[in-house]
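Colleague:
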Amino acid sequence: MNTPIPYLQRLNNGRTVWLDGEIVNDLEKHKAFKGTVQTIQHLLNLQTVEPTKSILTYETEKGANAHLSFLVPTSINDLKRKSLAYKCWVDETFGVMSRLSEYSRSQLVGWYASRQQLDVLTPGIATKLEKLYEAARDLDLLSTVAAHDPQKNRSKSAEEIEHGKLRVVTKNEEGIFVSGAKTIATAAPYVDELLITSYHKRGLDEAPMANIFYVPTSAQGLHMVCRESFASTDTSNHPLSSRFDEMDAVLIFDNVLIPWERVLVAEDPELAWKLRIETASSLLSQHQTVVRLISKLESVVAIGNELAETAGATEFLHVKEKLSELIIQLETIKGLLNAAEYEAVEHNGIYLPKQRFLTTARNLGTRYYPRALEILQQIGASGLLQVPSTIQEFDGPIGDKLQAYYGGTHTSAFARTKFIKLAWDLIGSQLGARHELYERFYSGDPVRTFAAQYQNYSEKDRLLKLVEEFN
Ligand SMILES: Cc1cc2nc3c(=O)[nH]c(=O)nc-3n(C[C@H](O)[C@H](O)[C@H](O)COP(=O)(O)OP(=O)(O)OC[C@H]3O[C@@H](n4cnc5c(N)ncnc54)[C@H](O)[C@@H]3O)c2cc1C
Numbered sequence: 001m002n003t004p005i006p007y008l009q010r011l012n013n014g015r016t017v018w019l020d021g022e023i024v025n026d027l028e029k030h031k032a033f034k035g036t037v038q039t040i041q042h043l044l045n046l047q048t049v050e051p052t053k054s055i056l057t058y059e060t061e062k063g064a065n066a067h068l069s070f071l072v073p074t075s076i077n078d079l080k081r082k083s084l085a086y087k088c089w090v091d092e093t094f095g096v097m098s099r100l101s102e103y104s105r106s107q108l109v110g111w112y113a114s115r116q117q118l119d120v121l122t123p124g125i126a127t128k129l130e131k132l133y134e135a136a137r138d139l140d141l142l143s144t145v146a147a148h149d150p151q152k153n154r155s156k157s158a159e160e161i162e163h164g165k166l167r168v169v170t171k172n173e174e175g176i177f178v179s180g181a182k183t184i185a186t187a188a189p190y191v192d193e194l195l196i197t198s199y200h201k202r203g204l205d206e207a208p209m210a211n212i213f214y215v216p217t218s219a220q221g222l223h224m225v226c227r228e229s230f231a232s233t234d235t236s237n238h239p240l241s242s243r244f245d246e247m248d249a250v251l252i253f254d255n256v257l258i259p260w261e262r263v264l265v266a267e268d269p270e271l272a273w274k275l276r277i278e279t280a281s282s283l284l285s286q287h288q289t290v291v292r293l294i295s296k297l298e299s300v301v302a303i304g305n306e307l308a309e310t311a312g313a314t315e316f317l318h319v320k321e322k323l324s325e326l327i328i329q330l331e332t333i334k335g336l337l338n339a340a341e342y343e344a345v346e347h348n349g350i351y352l353p354k355q356r357f358l359t360t361a362r363n364l365g366t367r368y369y370p371r372a373l374e375i376l377q378q379i380g381a382s383g384l385l386q387v388p389s390t391i392q393e394f395d396g397p398i399g400d401k402l403q404a405y406y407g408g409t410h411t412s413a414f415a416r417t418k419f420i421k422l423a424w425d426l427i428g429s430q431l432g433a434r435h436e437l438y439e440r441f442y443s444g445d446p447v448r449t450f451a452a453q454y455q456n457y458s459e460k461d462r463l464l465k466l467v468e469e470f471n
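In UniProt numbering, the protein residues as written are 1 to 471.
1) Could you tell me which of Tyr369, Leu352, Glu315 sits nearest to Leu330, measuring between CA atoms?
2) Check the DSSP bridge columns for Leu431 and list the partner residues they point to.
3) Taking 7 angstroms as the cut-off, is the C-beta of Thr235 nearer than that to any heavy atom in ligand 1?
4) Considering only residues of the same chain and omitting the five flanking positions on each side of Leu8, which have a CB-CB separation below 7 angstroms?
5) Excluding sequence positions up to five away, which residues of its chain have a Cβ less than 8 angstroms from the Cβ of Ala181?
6) For the structure I just gave you, are there three or more beta carbon pairs, one from the stretch 252 to 267 and one from the stretch 206 to 223, closer than 8 angstroms?
7) If we call anything under 8 angstroms between Cβ atoms a contact, is Arg416 one with Tyr406?
8) By DSSP, does Leu166 sit in helix, in strand, or in coil?
9) Any heavy atom of ligand 1 inside 7 angstroms of the beta-carbon of Ala185?
10) Identify the continuous beta strand (DSSP E) that holds Thr16 and give its terminal residues.
11) Taking only three categories from DSSP, how would you classify Glu228?
12) Looking only at C-alpha atoms, which of Val215, Pro4, Thr170 sits nearest to Ser143?
13) Look at the alpha carbon of Tyr190 and the alpha carbon of Arg276, and state the distance between them as a whole number of angstroms.
14) Take every Cβ of the stretch 48 to 64, pair it with every Cβ of the stretch 235 to 250, and state whether three or more of those distances are shorter than 8 angstroms.
15) If we count the other Cβ atoms within 10 Å of its Cβ and call it buried at 16 or more, is Gly124 buried or exposed?
16) By Cβ distance below 6 angstroms, which residues in the same chain neighbour Leu129 in space, the five residues on each side in sequence not counted?
17) Under 8 angstroms: do the stretch 422 to 440 and the stretch 362 to 380 share three or more Cβ pairs, one atom per stretch?
18) Start and end of the beta strand (DSSP E) containing Ser143?
19) Could you check if Arg105 is buried or exposed, using at least 16 other CB atoms within 10 Å of its CB as the buried criterion?
20) With a CB to CB cut of under 6 angstroms and the five nearest residues on each side skipped, what residues in its chain are close to Leu100?
21) Following the continuous alpha helix (DSSP H) through Gly35, name the residue where it begins and the one where it ends.
22) Count the other C-beta atoms from every protein chain shown that fall within 10 angstroms of the C-beta of Gly203, then say buried if there are 16 or more, exposed otherwise.
23) Taking all protein chains shown into account, do 16 or more other C-beta atoms lie within 10 angstroms of the C-beta of Ile294, making it buried, or fewer, making it exposed?
24) Among all the DSSP beta bridges, which residues are the ones paired with His67?
25) Is the Cβ-Cβ distance between Ile391 and Ala266 less than 8 angstroms?
26) Assign Ile23 to one of two classes, buried (16 or more other C-beta atoms within 10 Å of its C-beta) or exposed (fewer than that).
27) Using a Cβ-Cβ cutoff of less than 8 angstroms, which residues in the same chain neighbour Thr235 once the five nearest sequence positions on both sides are dropped?
28) If you run the structure through DSSP and keep just helix, strand and coil, what is Glu439?
29) Check whether the Cβ atoms of Asn211 and Lys421 lie closer than 8 angstroms to each other.
30) Applying the 10 Å Cβ sphere with the 16-neighbour rule, what's the burial state of Asp400?
31) Three Cβ pairs or more, each shorter than 8 angstroms: is that satisfied between the stretch 368 to 386 and the stretch 340 to 355?
32) So Ala451 is in the alpha helix (DSSP H); what residue range does that whole segment cover?
33) To which residues does DSSP link Ala272 through a beta bridge?
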């Protein structure tokens, strides 16, 4: 029987998280992590109280409640329920937290739903997937995924085996032993387990690196090396950075044992690629990324409108045009999500959102978000810096002057300053800059994801025929 252990208890399970040259022993208390830990705890609590419990969870065949990210969708309605659950959580973070486990969970759900087909390719995988899925679902495990080799030399030929890359070094009856690095794992310090995959197609010469497995974050020999923290402890001046820094980490494996029951693929480039592009797993995880993008774009539209309102700039034609561009971004992605769900396709007994629309939304997102930030800067202009260093200065000796000069068209100086602090956290802070990079790259190199969309476009032949027929 799987009985969930409280999140905070699970956090202190001996995981090796490196920050500023030291191992962080207590994430719950450490200033770089505690705000986000509290946020995650809050999100988990929402699963237990109404009205959010009904939005976030469903009843499993064992009679327990599980997060809807674990639901195997057998109807369009199931997909919509999953959407609402994703939206509910990400909205709580103002659209900022992207890797709230639903992404990696969805990959597992996809493989689990396709386990009988996968078992034909690699006998035994169905049983492993059942166990991994049930444990993750019943224990409400949090997870994230790391798929990429460290950026060392992207031009090196595949024949040269680079020792920085995560690879199998030896194996025995217990499992495989892996060493090397994977990058980047967003949210790694906060989660229970990591899904390690292989993103690019590999040749036989790279077989030692062609692995897919699950590893607990507490595994011996696993080091999670964090980037600089962008977290603040000051919620009033940094409302987003103080609560939603997901952290990104490089994972360094030092001869880590991965037991066979957690290994889905070992040293098999062809199988690793088949799982990587497996339809259900890819589409269910992409589905989550599009929902959370909508939440983020909603926040952008809200901030853009308020920036314009508070500066009395809404009547300028070009400002309206720019605000409209933000709205068009949002409505386009919403439309694509609706289309993907409405035109969901039955696949091996489950319902999957239509790929064409999800891929379009995901690719557009890589261009939309940097453009959205540009628009917010153009509208906000120096108003984004017309704030005292801290909001507490309103209570200080210069408070009355701030009250006199810092107001907006319809808001008090204090309220406007509070709003600008929020806007800056999204647009100009370290966290904000990281988010721009995230949207450009989180789902792969956009150059290659765009090229792949062209390559795989199923309507190409039909459209080419139009030219033939017309001529
Ligand atoms: C903030 C952030 C969070 C992330 N979180 C995660 C995560 O949680 N899990 C995860 O698995 N990944 C994550 N990623 C990684 C992400 O998937 C990669 O950034 C993305 O796939 C691009 O790979 P790369 O960063 O290694 O860039 P590179 O592949 O090193 O590319 C660098 C440049 O070289 C070009 N280039 C490199 N190789 C080629 C080639 N063969 N052909 C043409 N051009 C090439 C690229 O176009 C690019 O301009 C995250 C990334 C960011 C920025």
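Idealized CB from N, CA, C, for every residue including glycine.
Modeller: With the given structure in hand:
1) Cα-wise, what sits closest to Leu330 is Tyr369.
2) Bridge partners of Leu431 according to DSSP: none are assigned.
3) Thr235 Cβ: outside cutoff for every heavy atom of ligand 1.
4) Excluding residues within five positions, the ones whose Cβ falls inside 7 angstroms are Glu28, Gln41.
5) Closer than 8 angstroms at Cβ, skipping near neighbours: Asp149, Pro150, Gly164, Lys165, Leu166, Val250, Leu251, Ile252, Phe253.
6) The answer is yes - the stretch 206 to 223 touches the stretch 252 to 267, with three or more Cβ pairs under 8 angstroms.
7) Contact flag set, yes.
8) Residue state, collapsed to three classes: coil.
9) Yes, since a heavy atom of ligand 1 falls inside the 7 angstroms radius drawn around the Cβ of Ala185.
10) Where Thr16 is concerned, the enclosing beta strand (DSSP E) stretches over 16 to 19.
11) Shown here, Glu228 sits in coil according to DSSP, grouped into three states, outside any helix or strand.
12) With distances taken between Cα atoms, Ser143 lies closest to Val215.
13) If you draw a straight line from the Cα of Tyr190 to the Cα of Arg276, it is about 24 angstroms long.
14) No, because fewer than three Cβ pairs between the stretch 48 to 64 and the stretch 235 to 250 fall closer than 8 angstroms, the two stretches do not touch.
15) Exposure of Gly124 is indicated by the presence of fewer than 16 other C-beta atoms within 10 angstroms of its C-beta.
16) Within the same chain, Leu129 has close Cβ partners Trp111, Tyr112, Arg115.
17) These segments touch.
18) First-last of the beta strand (DSSP E) with Ser143: 143 to 146.
19) The residue is buried, with at least 16 neighbouring Cβ atoms inside 10 Å.
20) Result list for Leu100: Trp89, in chain order.
21) Here the alpha helix (DSSP H) through Gly35 covers 34 to 46.
22) Burial call: exposed.
23) So Ile294 counts as buried.
24) DSSP lists Thr57 as partners of His67.
25) Remark: C-beta atoms of Ile391 and Ala266 do not approach each other more closely than 8 angstroms.
26) In this structure Ile23 is exposed. Its beta-carbon is surrounded by fewer than 16 other beta-carbon atoms within 10 angstroms.
27) Apart from sequence neighbours up to five positions away, the residues of its chain that approach Thr235 with a beta-carbon distance below 8 angstroms are Gly35, Ser242, Arg243, ordered along the chain.
28) Of the three classes helix, strand and coil, the one that applies to Glu439 here is helix, per DSSP.
29) Cβ distance not < 8 angstroms, so Asn211 and Lys421 don't count as in contact.
30) Residue burial is scored here from C-beta neighbours: Asp400 has fewer than 16 other C-beta atoms within 10 angstroms and is therefore classed as exposed.
31) Judged by Cβ distances under 8 angstroms, the stretch 368 to 386 makes no contact with the stretch 340 to 355, as fewer than three pairs qualify.
32) Boundaries of the alpha helix (DSSP H) harbouring Ala451: 446 to 456, taken from the DSSP string.
33) BP columns for Ala272 are empty, so no partner.
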